[in-house]
Amino acid sequence: MATLLDSVTVTRVFTLPIVNSISSASPVPSVSGRRISPVRFSGFRGLKASPSLVTQSASLRENRRSRFARGGRIFCEAQDTTAAAVEVPNLSDSEWQTQVLESDVPVMVEFWAPWCGPCRMIHPIVDQLAKDFTGKFKFYKINTDESPNTANRYGIRSVPTVMIFKDGEKKDSIIGAVPRETLEKTIERFIVE
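Residue numbers (our numbering): 927 to 1119.
Written as structure tokens, this is what we have:
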């Protein structure tokens, strides 16, 4: 299943070339004979624009004229990264005491909701952190719609909210979808050596 992490609007700041053929394996030859590579977007790994060919209708072909329109496709070459991550388990209100408050290692809990876009953005980050800090930290997610008592107890008013617990006490909280580095630095402050 694919997850939409973000959308991008591409303004026409560049012109895709007119082409006479398309090859997905190699750069596209243009009408002038130059080789043209697909446009790559630096801010989005795996995202590129590929020129495409559009011809006029058959009536123009009868007049032996062929006209090419400019166009293009934007597609994602990103690979599935879910296999490399660990699936962080969901908690319920009834499991909170034993899994979080009585834990012998620090615990990171992500409070989230299924309707929350930023929550979907931070899920893969939390999953990857769970893999990277296996044995040093425990990681859980709690759906605030399904477990409202715990969310109310800790004053969760915005999702995603990430909280760190150590020795049964709340030590830190981070509100919003933040970069991986922010979460990683917070975790490292509480690692038991």
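Ideal Cβ positions, reconstructed from N, Cα and C, are used throughout, including at glycine.
Boundaries of the alpha helix (DSSP H) in which residue i is found, first to last residue
i, result
"E1107", "R1106 to R1115"
"T1076", "P1074 to R1079"
Residue i versus residue j: straight-line alpha-carbon distance, rounded
i, j, result
"D1030", "F1037", "21 Å"
"M1100", "M1089", "A small fix is needed here, since residue 1100 is Ile in this sequence, not Met. I1100 and M1089: Cα-Cα distance of roughly 6 Å."
"A1039", "N1069", "5 Å"
"I917", "N1016", "The structure shown does not extend to residue 917, since the chain spans only 927 to 1119, so no value can be given for it."
"L1109", "T1060", "15 Å"
"V1026", "D1098", "14 Å"
"T1112", "S1073", "25 Å"
"Q1104", "I1048", "A small fix is needed here, since residue 1104 is Val in this sequence, not Gln. Cα to Cα, V1104 sits roughly 7 Å from I1048."
"G1102", "S1020", "25 Å"
"V1035", "C1045", "13 Å"
"S1084", "G1043", "12 Å"
"K1062", "Y1080", "24 Å"
"P1050", "E1114", "19 Å"
Outcome for residue i when other beta-carbon atoms lying within 10 angstroms are tallied against a minimum of 16
i, result
"W1041", "exposed"
"K1064", "buried"
"D1071", "exposed"
"P1086", "buried"
"K1057", "exposed"
"L986", "Because L986 carries a pLDDT of 48, less than 50, the predicted location of this residue cannot be relied on, and the following value inherits that uncertainty. So L986 counts as exposed."
"I948", "Caution applies to I948, whose pLDDT of 47 falls short of 50 and renders its modelled position unreliable; the value that the coordinates give is listed next. With fewer than 16 other Cβ atoms within 10 Å, it is exposed."
Cutoff 6 Å; reference residue i; Cβ partners in own chain excluding five residues on either side
i, result
"K1092", "P1032 and F1116"
"G1094", "L1027"
"N1075", "D1019"
"L1014", "Leu is not the amino acid found at residue 1014; the sequence shown has Val there. Once the five neighbours on either side are set aside, the close Cβ partners of V1014 are V1052, D1053, A1056, F1065 and K1067."
First and last residue of the uninterrupted beta strand (DSSP E) at residue i
i, result
"I1051", "Not the beta strand (DSSP E): I1051 falls in the alpha helix (DSSP H), residues G1043 to D1058."
"V1088", "T1087 to K1092"
"F1063", "Run containing F1063: none; DSSP gives neither H nor E here."
"I1082", "From DSSP, I1082 is part of no beta strand (DSSP E); its letter is neither H nor E."
"D1098", "E1095 to I1101"
"T1026", "With the sequence shown as reference, residue 1026 is identified as Val, and Thr is not the correct amino acid for it. Premise fails: V1026 is in no beta strand (DSSP E) and is neither H nor E."
"E1036", "V1033 to W1038"
Among the options, the one whose alpha carbon lies nearest that of residue i
i, options, result
"Q1023", "K1096, I1048, I1113 and P1105", "K1096"
"Y1066", "G1043, A1077, V1052 and N1078", "V1052"
"E1107", "L1055, P1044, M1034 and V1012", "L1055"
8 Å CB neighbourhood of residue i in its chain, flanking five on each side removed
i, result
"A1077", "F1037, I1068 and T1070"
Below-9 Å beta-carbon distance, residue i vs any chain C residue
i, result
"F1091", "Here there is only one protein chain, and chain C is not present."
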